[in-house]
Amino acid sequence: MNQSVPLSLDLKHMIIDTLELEDVTPEDIDDHAPLFGEGLGLDSIDALELGLALQKRYGVTLDAEAEDTRRHFASLAALQALVEERRVN
Amino acid sequence: MTRPIIGAPTTRDGYLCMADRPWRQAWPDARHLPTRWCHSRDLGRRIDAWLAWLAPRPHGRWLLLDPDPITFTAALLALWESGQSALLPGDDRPATLARLMPLVVGRLPAEPSPEDTQDLSARDSLATTQRETDRNSAGATVVAADSEAAEKEAVVLCTSGSTGQPSLEPKCFRQLDEELERHAALWPLAQTAVVCQVSHQHIYGLLAGILAPLCHGAPFCGDDSRFPEVMAQRVSEATSVGLDACLVASPAQLSRLPQHLALHHQRIARVLCSGAPLSRDDAIRCERLLDSPVIEIYGSTETGGIAHRRQSSGDLWTPFPGVELDLNDSALKLRSPFLARPEQWWDQADRVERQGEGFRLLGRRDRLAKIGGKRVSLTALEQRLCQHEVVQDARCVDLDLRDGRLGVVLAVAGDALPQQHEARKRLISTLREHLASEHEPSAIPRYWRFVESLPLNPQGKHDHATLRRFFDDLDDDRLPRWLGAVDVDDEQRITLEVPERLRYLEGHFEGFALVPGVVLVQWAIHHARERYPALCAFRGVDRLKFQKVLRPGQRLTLTLKRRTDGIAFSFDSPKGRHAGGRVRLEARHD
């Protein structure tokens, strides 16, 4: 991973690449807009894909509390906070 | 004629059928699990609360939609004990509920609030209340004890029909009991707790995730268990009280099972998987990660389970005991005790190939795709898209990509064709919203292609290969999006779009993505070789001009003209000419 790329941009690229969001550019992802449902329009299958990608790219593992997972996946800013707190690589 | 395949008979063990009301039995050896788990012993009080709530209300079929397995089960069993049935919608979109409400006497609330009951009782005449109470107490003595009761409607399930219309599938107690009995014989649940990752609003989740454990007095959980980390937690809770876990999952989850869950220390008796075929690699990988057999069930809402397999032992499907298959044709026909009419042959819209005592699945015969294990009617999506004023025609394409997502090719009026990223994004978002009112998020196409008219093959059909061509850039991130080509006089005009994820966009100017000129020359050569296959070896470039930058999302036309020593090319868009020049290519003389 390129250390000079800010984490928020790196996460946006991760989301776009993992989920093959071909009509979305990093600038289209608002840091505070919801990722699921309204906003980016992601669904439950995407959540599973993102969980895998977070583990692979940053070594972040999610909790066994679904409520926490929903909170971490609420927006890009929330996802960024999660990665900053738990990243191991 | 080859004889039909008939599954072997079964016996059952440690299992009570639904007429015995296993949820009212005192099962020995109940373990104490955290509150998220549902056990028969906790249900009686909740069922009684629902019975009291239902008593003064209209009698019949109720709409039941509740993601929590405990409250769902209590409400369902109260309906059954009072001689009523449940319609189970697959989702809660307003359009779905509006369509279903006329078919039910009402929708069950989240909780059987006692205040509601009192209000209603006070308003109603005593006579009506008394009549309802009499009927309910009579119904409470049986669920399906005699053959007449066994044919009564227990639930109505919702699925997608191939014509694009949603279809409703009533199931009587006999159908459910027959299938539960076969499950019990094949996969007994003694000393087992069930962790369900799929929705009980559908047949497989209802049978395997709720009713099978109920009939064995086994604890079960669902809802949040669809998250892999929560599932792992529930499995370890079961193990810690000395129970084996049975995981009820789908390919959506098993194909995305994280490596790090460390579940091999847990005791997972088996993993059931249904909804769509699991790839062999995923099946083998999950067996290793979960240290447990992964058993796939093939079936449908209409037929219930048809066959099962374990891919580590082979890829052929074995029919369920009692299910009779006719595989003489490539189209599957079956007779099954799980069908509404067990004596009649049922046409299943799957193509199959007989192999010894089993069979192989070759795909569907109709226009239904499976996404995340759920049936999606391509026809229904297309019909809905065509209702939008911008859309003239639409064709959905099952792209066979790893993510299982759909593509769609849309014909729109010339002035509505998006020319740039922003316009394209806006149009897609409008159409996504238009679909979202009637379709679940996972059914909404992920890959959108806008054209002036849908292409036909030489037979006048929208065939798969012709449509698949529009999505070639997904397989190769060096290519532009191809949106059609026409020959005009001695030129070929090819409509292209710059993919936002083109490999070459970054790294030229900080924060300003553009297509490098050399890539345009490469694209011209690529398409020239496709149009004029005799052109081969590259000999040089002349009169090259790059006039305007080309940015991601831009729609443009590549014009190719054959010259004696190669081609002339130009890239134009409403913004003007982006680039042009000549490429010398040697022609092969065959």
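Here the protein sequences line up with chains A and B, keeping their order.
Oh and the first sequence: position 11 is 201 in this note's numbering, straight run, nothing missing.
Oh and the second sequence: position 329 is 356 in this note's numbering, straight run, nothing missing.
Note that CB positions come from ideal geometry on N, CA and C, so glycine has one too.
Query: Any Cβ of chain A within less than 7 Å of the Cβ of V257/B?; Result: yes
Query: Decide if L462/B is buried, meaning its Cβ has at least 16 other Cβ atoms within 10 Å, or exposed.; Result: buried
Query: Alpha carbon to alpha carbon, how far is D173/B from Y42/B?; Result: 19 Å
Query: Are the CB atoms of F254/B and V221/B nearer to each other than 7 Å?; Result: no
Query: Is it right to say A265/B is buried, meaning 16 or more other beta carbons lie within 10 angstroms of its own, or is it exposed?; Result: buried
Query: State yes or no: is the beta carbon of T208/A nearer than 7 Å to at least one beta carbon in chain B?; Result: no
Query: Three-state secondary structure (DSSP) at C185/B?; Result: strand
Query: What residue range does the beta strand (DSSP E) around C563/B cover?; Result: L562 to F573
Query: Taking the continuous beta strand (DSSP E) assigned at W77/B, which residues delimit it?; Result: Careful: W77/B lies outside any beta strand (DSSP E), inside the alpha helix (DSSP H) at S67 to L81.
Query: In its own chain, which residues sit with a C-beta less than 7 Å from the C-beta of E206/B, not counting the 5 before and 5 after it?; Result: L234, G331, G332 and F365
Query: Are any of the Cβ atoms in chain A nearer than 7 Å to that of A122/B?; Result: no
Query: Could you spell out where the alpha helix (DSSP H) holding V273/A opens and where it closes?; Result: L266 to R276
Query: Count Cβ pairs between the segment 295-311 of chain B and the segment 335-354 of chain B that sit closer than 8 Å; are there 3 or more?; Result: yes
Query: What is the rounded straight-line gap between the Cα of E255/A and the Cα of W64/B?; Result: 15 Å
Query: Looking only at its chain, what residues have a beta carbon closer than 6 Å to the beta carbon of R261/B, apart from the 5 residues adjacent to it on each side?; Result: V222, C248 and S252
Query: Keeping to the same chain, check which residues put their C-beta closer than 7 Å to that of R51/B; ignore five residues upstream and five downstream.; Result: G71
Query: Give the straight-line distance between the Cα atoms of I311/B and R570/B, rounded to the nearest whole angstrom.; Result: 57 Å
Query: Please report the straight-line C-alpha distance between D502/B and G400/B, rounded to a whole angstrom.; Result: 24 Å
Query: List in chain order: all unbroken alpha helix (DSSP H) runs of 4+ residues lying wholly within the segment 257-317 of chain B.; Result: 278-281 and 307-317
Query: With a cut-off of 7 Å, does the C-beta of I455/B fall near any C-beta of chain A?; Result: yes
Query: Got a sec? Which residues, its chain only, sit under 8 Å from G390/B by beta carbon, not counting five neighbours each side?; Result: D377 and R378
Query: Could you say which of A259/B, D47/B and Y474/B lies nearest to D500/B if we only look at CA atoms?; Result: Y474/B
Query: Using a Cβ cut-off of 7 Å (strictly closer), state whether G399/B contacts chain A.; Result: yes
Query: Starting from Y325/B, follow its DSSP beta bridges and name the residues at the other end.; Result: A334/B
Query: I'd like the span of the beta strand (DSSP E) that includes G390/B, first residue to last.; Result: G385 to R391
Query: Give the straight-line distance between the Cα atoms of V568/B and Y531/B, rounded to the nearest whole angstrom.; Result: 21 Å
Query: Does the segment 598-610 of chain B come close enough to the segment 540-560 of chain B to have 3 or more Cβ pairs within less than 8 Å?; Result: yes
Query: Output the distance between the C-alpha atoms of D353/B and L359/B, rounded to the nearest integer angstrom.; Result: 6 Å
Query: If distances are taken between C-alpha atoms only, which option among D599/B, H605/B, A595/B and G534/B comes closest to V195/A?; Result: G534/B
Query: Taking C-alpha atoms, which residue in S480/B, D118/B and H448/B lies nearest to Q419/B?; Result: S480/B
Query: In terms of residue numbering, what span does the alpha helix (DSSP H) encompassing P96/B cover?; Result: P96 to E108
Query: Does DSSP classify T62/B as helix, strand or coil?; Result: coil
Query: Per the DSSP calculation, D513/B is bridged to which residue(s)?; Result: Checking the sequence, you will find Val at residue 513/B rather than Asp. Answer is R520/B, bridged to V513/B.
Query: Would L585/B and F565/B be called neighbours here (beta carbons separated by less than 7 Å)?; Result: no
Query: Applying a beta-carbon distance threshold of less than 7 Å, which residues of chain A neighbour F254/B?; Result: A256 and T259
Query: With the cut-off set at 7 Å, would you say W77/B and A102/B are in Cβ contact?; Result: yes
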